[in-house]
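Participant: In this note's numbering, the protein residues as written are 244 to 343. The beta carbon of each residue, even a glycine, is placed where N, CA and C say it ideally should be. Quick one: this structure, given as structure tokens, is what I'll be asking you about.
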């Protein structure tokens, strides 16, 4: 038996990732489409846009990764952590991260 809630969440996340894949670095204020966690809810730390996200400190990025069940190593750079989450939500990360 298929759980339609899981299918619906997967479809919503696929659509959000597709939308996020169009965001570029020079479009810092573009709203990020929400990718939902395993429980179907948006993360409490989910950023509204890249501008907001790039202002997160390392601890906040780690908390966001943890909230989404994404692994990271202690001591990883902020850039590596940020890129991991951006890849997860569909944003192309073929750019150097900049602090704002």
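Assuming residue 327 is part of the alpha helix (DSSP H), what are its boundary residues?
Facilitator: Indexing the chain shown from 1 puts residue 327 at position 84. Note, residue 327: alpha helix (DSSP H), 321–331.
Participant: Could you give the distance in angstroms between the alpha-carbon of residue 251 and the alpha-carbon of residue 322?
Facilitator: Translated into the one-based positions of the chain shown, residue 251 becomes position 8. Translated into the one-based positions of the chain shown, residue 322 becomes position 79. When rounded, the distance between both Cα atoms is 32 Å.
Participant: May I ask which residues mark the beginning and end of the alpha helix (DSSP H) holding residue 305?
Facilitator: In the chain shown, the residue the question calls residue 305 occupies position 62. Following the DSSP letters along the chain, one finds residue 305 inside the alpha helix (DSSP H) bounded by residues 301–310.
Participant: If you count every other CB in all the chains shown that lies within 10 Å of the CB of residue 324, and 16 or more means buried, which is it?
Facilitator: As a first step, residue 324 is located in the chain shown; it is residue number 81 there, counting from the start. Buried.
Participant: Thinking C-alpha only, which one of 264, 272, 249 is nearest residue 331?
Facilitator: Looking up residue 331 in the chain shown gives position 88. Among 264, 272, 249, the Cα nearest to that of residue 331 belongs to 264.
Participant: Can you tell me whether residue 293 is buried or exposed? The criterion is at least 16 other CB atoms within 10 Å of its CB, across all chains shown.
Facilitator: Within the chain shown, numbered from 1, the residue matching residue 293 stands at position 50. Label assigned to residue 293: buried.
Participant: Check whether the Cβ atoms of residue 303 and residue 288 lie closer than 8 Å to each other.
Facilitator: If you number the chain shown from 1, residue 303 lands on position 60. If you number the chain shown from 1, residue 288 lands on position 45. Result yes, Cβ atoms of residue 303 and residue 288 sit closer than 8 Å.
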